[in-house]
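With the working numbering applied, the sequence shown corresponds to residues 77 to 500, in that order. Have a look at the structure below before the remarks.
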Amino acid sequence: MQEKITSTARIFNFRIVVLSILLGGLFSLQTKAQNFCANELVIYSENFGGGTSATGSPEVDVTGGLIFQPADFLNDGYYRVVNNTQQRGEWHSAPDHTGNNDGKMLVVNGTNQTFFRKEITSTTSNFLPGSYGASLFLMNVNTPGTCSPNPLLPTITFMVEYNTSATGTTGWVSLQSSTANAVAQSATPTWIQLGGVFDLPVIAARIRLTLSDGVVSGCGNDFAIDDIKFATCPAGGPLPVQFLKITATEKGAGVAVNWSTASESNNRYFSVERSIDQGNSWTLLNTVNTSGNSNLQKDYNIYDPKPAAGANFYRVKQVDIDGNFKYSSTAKVNIKADKTAISILQNPIVNNTITIDFVTTSNTYMFIRLLDVTGKLVATEKLAVAKGSSRHTMQSLPNLGKGMYIIAISDENGNLLYNNKLMK
77 MQEKITSTAR
87 IFNFRIVVLS
97 ILLGGLFSLQ
107 TKAQNFCANE
117 LVIYSENFGG
127 GTSATGSPEV
137 DVTGGLIFQP
147 ADFLNDGYYR
157 VVNNTQQRGE
167 WHSAPDHTGN
177 NDGKMLVVNG
187 TNQTFFRKEI
197 TSTTSNFLPG
207 SYGASLFLMN
217 VNTPGTCSPN
227 PLLPTITFMV
237 EYNTSATGTT
247 GWVSLQSSTA
257 NAVAQSATPT
267 WIQLGGVFDL
277 PVIAARIRLT
287 LSDGVVSGCG
297 NDFAIDDIKF
307 ATCPAGGPLP
317 VQFLKITATE
327 KGAGVAVNWS
337 TASESNNRYF
347 SVERSIDQGN
357 SWTLLNTVNT
367 SGNSNLQKDY
377 NIYDPKPAAG
387 ANFYRVKQVD
397 IDGNFKYSST
407 AKVNIKADKT
417 AISILQNPIV
427 NNTITIDFVT
437 TSNTYMFIRL
447 LDVTGKLVAT
457 EKLAVAKGSS
467 RHTMQSLPNL
477 GKGMYIIAIS
487 DENGNLLYNN
497 KLMK
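Written as structure tokens, this is what we have:
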């Protein structure tokens, strides 16, 4: 479906909220439904009903290949609406988020596709200009250790669009969407809230809610969705963000970056950046969703697993919903390279290339071997690695089929330095 995206969309106020301890930590949970808006009036809600049998749903978008499967749940791209998350043995056994007796939810064995789309029309005439909120609850259903050591983690995007025409498939204007990136596995079943508040500046005939999964097929990309809601937001917008502090501390082989805010709202996201040349140039490390509307101190953290040898500088860029931004102060940490460190930049393998980061204390040679699960040698390289931080991309690989591979890296003396699984 063709979408019309205009410059007008850039002025919409959309406050992204993901209630979580971000980037690798466990997500926090509020078991009761949480409103983005004071005195909200719910226009549309979907809690998927109740019952003990697995069913399909007319709201689920199957045009991208998603299949209702009532019997087994082995393949990617399967879904069912059901009252317990444990549709495979390694998944959490948990009820829905709503809390109704035998309440159901949407459970998906995920792949990279749009899986939910709902058009909403006003019960009166049209949607008037003003503030509205859209939200849902999301769970990574996998228990810790599933698909270890490198499970795929769900990345779910929730988009709200409007259309001034009451009919037709074109003319949709996209609002800036909210995304839950790499939703972590958790020791206990954990729901996180995803969504935000936006300002609609014109009269609209229709609103469209779309959910999509940004992760390819493979082991670990499995999730549940419940309590999708669209509501008015008469209280309107949020307050600005005030930074308190930022710190960077060496932790293991990497760096822990921590920062705090005294208050926040009207806040779209944080971007964490790193410089290894005294602040002359900066590289984006990660984007972090906000903790939500608050007048209390909020603490955030990320982990940089691959700092460079020497001085590393970190700063946080805070971006408002209107596109304005400001930077935190800068934190510095010195990393002394006293051993060889190796890490794979991207797993699963994309476009038949493997990118490897090295940190070494001297110039050396590395021997790289890629094997399939039977132990058969698929590819090999001998590589000259310079002292300090460097990156190498294996590009002359054969056309790899889907499945698991083993990458083994040894030094020039035959010592095994790195051995791990890769998915394709």
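Even glycine gets a Cβ: it sits at the ideal position worked out from N, Cα and C.
Subject >> Inside the region 176-222 only - alpha helix (DSSP H) runs reaching at least 4 residues >> reply: Complete alpha helix (DSSP H) runs here, min 4: none at all.
Subject >> Classification of S262 by the beta-carbon crowding that lies within 10 angstroms, buried from 16 upward >> reply: Around the beta carbon of S262, 16 or more other beta carbons lie within 10 angstroms, which makes this residue buried.
Original post:
Taking only runs of the beta strand (DSSP E) that begin and end inside the region 409-434, which ones reach a length of at least 3 residues, in chain order?
Top reply: DSSP runs (the beta strand (DSSP E)) wholly in the region 409-434: 417-420.
Subject >> Cutoff 6 Å; reference Q106; Cβ partners in own chain excluding five residues on either side >> reply: With a pLDDT of 31 at Q106, under the threshold of 50, the modelled position of that residue is not reliable, and no figure is offered here.
**OP:** Return the chain-ordered list of same chain residues with a C-beta closer than 7 Å to the C-beta of A109, the five sequence neighbours on each side being excluded.
**Re:** Caution applies to A109, whose pLDDT of 40 falls short of 50 and renders its modelled position unreliable; the value that the coordinates give is listed next. For A109, same chain residues with a beta-carbon under 7 Å away, outside a window of 5 residues either side, are D303 in chain order.
**OP:** Report yes or no: do three or more beta-carbon pairs, one from the region 352-361 and one from the region 394-405, lie closer than 8 Å?
**Re:** A contact is defined here as three or more CB-CB pairs under 8 Å, and the region 352-361 fails this definition with respect to the region 394-405.
Subject >> Delimiting residues of the beta strand (DSSP E) encompassing E237 >> reply: Annotation for E237: the continuous beta strand (DSSP E) segment containing it runs 232-239.
Original post:
First and last residue of the beta strand (DSSP E) that includes Q394?
Top reply: The continuous beta strand (DSSP E) containing Q394 extends over residues 386-396.
Original post:
What residue range is occupied by the uninterrupted beta strand (DSSP E) comprising S455?
Top reply: Residue 455 is actually Ala in this sequence, not Ser. Element bounds for A455: 453-461.
Original post:
Do P230 and K497 have their CB atoms nearer than 8 Å?
Top reply: No. Outside cutoff.
Subject >> Assigned exposure category for I92 - 16 Cβ within 10 Å defines buried >> reply: Low confidence applies to I92: its pLDDT is 39, below 50, so where it sits in the model is not reliable enough to give any reading.
Original post:
Any chance the region 158-168 sits against the region 186-193, with 3 or more Cβ pairs inside 8 Å?
Top reply: No: the two stretches stay apart, fewer than three of their Cβ pairs being nearer than 8 Å.
Original post:
So, using beta-carbon positions, are V364 and F346 closer together than 8 Å?
Top reply: Going by C-beta atoms, V364 is nearer than 8 Å to F346.
Subject >> Simplified DSSP state of E166, which is helix, strand or coil >> reply: Here DSSP, grouped into helix, strand and coil, assigns E166 to coil.
Subject >> Nearest-angstrom Cβ-Cβ length linking S472 and V435, presumed shorter than 8 Å >> reply: That belief does not hold up - the Cβ atoms of S472 and V435 are roughly 24 Å apart, past 8 Å.
Original post:
Taking 7 Å as the line, does the beta carbon of S472 fall inside it for any heavy atom of the ligand MN?
Top reply: Questions concerning the ligand MN fall outside what the structure shown contains, since it holds no ligand whatsoever.
Original post:
Using a Cβ-Cβ cut-off of 6 Å (strictly less than) and excluding sequence neighbours within five positions of A384, which residues of its own chain qualify?
Top reply: Sequence-distant partners of A384 (beyond 5 residues in either direction) whose C-beta falls short of 6 Å from its own C-beta, in its chain, are I352, S465.
Subject >> Endpoints, the beta strand (DSSP E) within which D303 is located >> reply: D303 -> beta strand (DSSP E) spans 298-308.
**OP:** Quickly, what does DSSP pair N362 with across the bridge? List them, please.
**Re:** Paired residue(s): V348.
**OP:** With DSSP collapsed to three states, give me the class of V138.
**Re:** Note: V138 maps to coil in three-state DSSP.
Original post:
Going by C-alpha distance, which of A258, L476, S253 is nearest P227?
Top reply: Distances from the alpha-carbon of P227 to those of A258, L476, S253 put A258 closest.
Original post:
Given A130, which residues of its chain have a CB within under 6 Å of its CB, disregarding the five upstream and five downstream residues?
Top reply: The answer, listed in chain order, is P146, R156, V158.
Original post:
For V118, does the count of other Cβ atoms within 10 angstroms reach 16, so buried, or fall short, so exposed?
Top reply: Answer is exposed; the Cβ neighbour count stays below 16.
Original post:
Can you pull the DSSP bridge partners for S486?
Top reply: Answer by DSSP bridge pairing, in chain order: F443, L492.
Original post:
Counting Cβ pairs closer than 8 Å, one from the region 321-328 and one from the region 197-210, do we hit at least three?
Top reply: Using a C-beta cut-off of 8 Å, the region 321-328 makes no contact with the region 197-210, since fewer than three inter-stretch Cβ pairs fall below that distance.
**OP:** State buried or exposed for A300, treating a residue as buried only when at least 16 other CB atoms are found within 10 Å of its CB.
**Re:** By the neighbour-count rule (16 or more Cβ atoms within 10 Å), A300 is buried.
Subject >> Sequence-distant residues of the same chain with beta carbon closer than 8 Å to G101, five excluded per side >> reply: Note that G101 scores a pLDDT of 27, beneath 50, so its modelled location is shaky and nothing firm can be said.
Subject >> DSSP-derived helix/strand/coil call for W335 >> reply: In the structure shown, W335 sits in a strand (DSSP, three-state: E or B).
Original post:
Which partner residues does Q269 have in the DSSP bridge list?
Top reply: According to DSSP, Q269 bridges with F213.
Subject >> N343, DSSP secondary structure in three states >> reply: Shown here, N343 sits in a strand according to DSSP, grouped into three states.
Subject >> CA-to-CA distance, L492 to D396, given in whole angstroms >> reply: Those two C-alpha atoms are separated by around 47 Å.
**OP:** Give the secondary structure of D148 by DSSP, where H, G and I count as helix, E and B as strand, and everything else as coil.
**Re:** In the three-state reduction of the DSSP assignment, D148 falls in the coil class.
Subject >> Under 8 Å between C-beta atoms of S293 and D137 >> reply: No; because the gap between Cβ atoms is not below 8 Å, this pair is not in contact.
Subject >> Cα-Cα separation between V392 and S250, rounded to whole angstroms >> reply: Using only the alpha carbons, I get a separation of about 27 Å.
Original post:
How far does the beta strand (DSSP E) with I378 in it reach, from first residue to last?
Top reply: That run of the beta strand (DSSP E) goes 374-380.
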